[in-house]
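**Q** Numbering (the working numbering), first residue to last: 7 to 110.
All C-beta atoms in this analysis are idealised placements derived from N, C-alpha and C, irrespective of residue type, glycine included.
(1) Which same chain residues end up closer than 6 angstroms to residue 38 when comparing Cβ atoms and leaving out the 5 residues on each side of it in sequence?
(2) Checking 8 angstroms against the spacing of the C-beta atoms, do residue 82 and residue 58 come in under that value?
(3) Which residue's Cα is closest to the Cα of residue 19: 34, 31 and 41?
(4) If you count every other CB in all the chains shown that lies within 10 Å of the CB of residue 94, and 16 or more means buried, which is it?
(5) Whole angstroms are fine: how far does the CA of residue 85 sit from the CA of residue 44?
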């Protein structure tokens, strides 16, 4: 379990390494922002085993790539040409702008 009590801004590529049986849970009390043209890269890990629980807004920048399951308490926005390997669930709204979502 990884927990932040404020917003999380991902401004460069991140890599999540592990095995197909490992599970990651990321809890964010604020917003989660994935900058434009950044990617999440999995090495051995599976997107269905990565959970992002976010209390604030989730923003995925233009041409970004996201991996995992998003459980959003408010809004989720995926901007133009962004992609995701996972699932989006939000209590308020999900806005998709020319995006690609692949279910793992």
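**A** The structure says:
(1) 14, 60 and 64
(2) no
(3) 41
(4) Per the 10 Å Cβ criterion, buried.
(5) 12 angstroms
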